[in-house]
Ligand code: C2E
Ligand code: MG
Ligand code: MG
Ligand code: MG
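Residue numbers (full-length UniProt numbering): 433 to 709.
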């Protein structure tokens, strides 16, 4: 009986697995050339400084409008792009487009000259071509000052390759580009990384911020991350601020910057420019 059930169970699983694999394969095919067809675009989410509430920059977030399925969640297609290697083609396009847009902001208003654009770089991009050379070329091409470009890497992208990655990051930082560790706190070994990998700051993962007003453990961890970062001389951005109370608390705890739906949703470049005006 169990054997039969097991067999059916296996068959059921293999069918479900096939469907999942098939979906990924189809997504990969659809994603190929999506940038060239104009289906991919960037949304910008404003980042604010907490002490004086000023707008200081924006994070570039990739958006995919599929011709049939509409908006596809980045969590889904970024993973497919990463696994398939398509990110090696898309990543440089994102970098160039973000730097061009940020160069445009600078011309919008005198105050916008100080704004930075923050670009997510995946593990695969970090291991593929020469990121530092690529970044230098894009900065030269677009005329964006290096200090106005921030690069976000996740802890997991850095793991296992610290020696090479820290050399690369040192080169980026020497040219003036700022480097951030994204989703900080979710990777278990954050502290040891900060010793070996030179960064300008950390972005506290939004899973810590979500319950920071109710959960004493999340508050303790958030407070500890801020204190630790500051004692190392680096800055802190809080992600996922959805309520005024979270903003007030983070500000009171000395967090440097914040982004989140309460402060501003990711928006198209035209809309972000209106925010500057
Ligand atoms: P991330 O870099 O941690 O980006 C922050 C994510 O949090 C974004 O999700 C943003 O829309 C979302 N978010 C911002 N504020 C709030 C809030 O108040 N509440 C909640 N619940 N969420 C908020 P998104 O745009 O879906 O992107 C997901 C992830 O996909 C990003 O996480 C990043 O890891 C990746 N990604 C996005 N664009 C790119 C890209 O151009 N290149 C690469 N390599 N990865 C990207
Ligand atoms: Mg990010
Ligand atoms: Mg993040
Ligand atoms: Mg994330």
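In this text, a Cβ means the ideal position worked out from N, Cα and C, and glycines have one as well.
Near ligand 2, meaning a Cβ closer than 6 angstroms to any of its heavy atoms, lie the following residues in chain order: 491, 552, 584, 614. In the displayed model, residue 484 falls within coil according to three-state DSSP, outside both helix and strand. Shown here, residue 691 sits in coil according to DSSP, grouped into three states, outside any helix or strand. In the structure shown, the three-state DSSP call for residue 607 is coil.
The three-state secondary structure of residue 522, taken from DSSP, is helix. DSSP, read as helix, strand or coil, puts residue 667 in strand. It is roughly 45 angstroms from the alpha-carbon of residue 609 to the alpha-carbon of residue 448.
Separation of the CB atoms of residue 480 and residue 695 is rounded to 5 angstroms, and the pair is thereby assigned contact status at 8 angstroms. In this chain, residue 672 is not harboured by any beta strand (DSSP E), its DSSP state being neither H nor E. In the DSSP assignment, residue 676 falls within the unbroken alpha helix (DSSP H) covering 676 to 684.
Here DSSP, grouped into helix, strand and coil, assigns residue 498 to strand. Residues of the same chain with a CB within less than 6 angstroms of the CB of residue 547, apart from the 5 flanking positions on each side, are 489, 537 in chain order. Straight through space, the alpha carbons of residue 499 and residue 589 are spaced by roughly 31 angstroms. Residue 667 is a Cβ neighbour of residue 633, given a cutoff of 7 angstroms.
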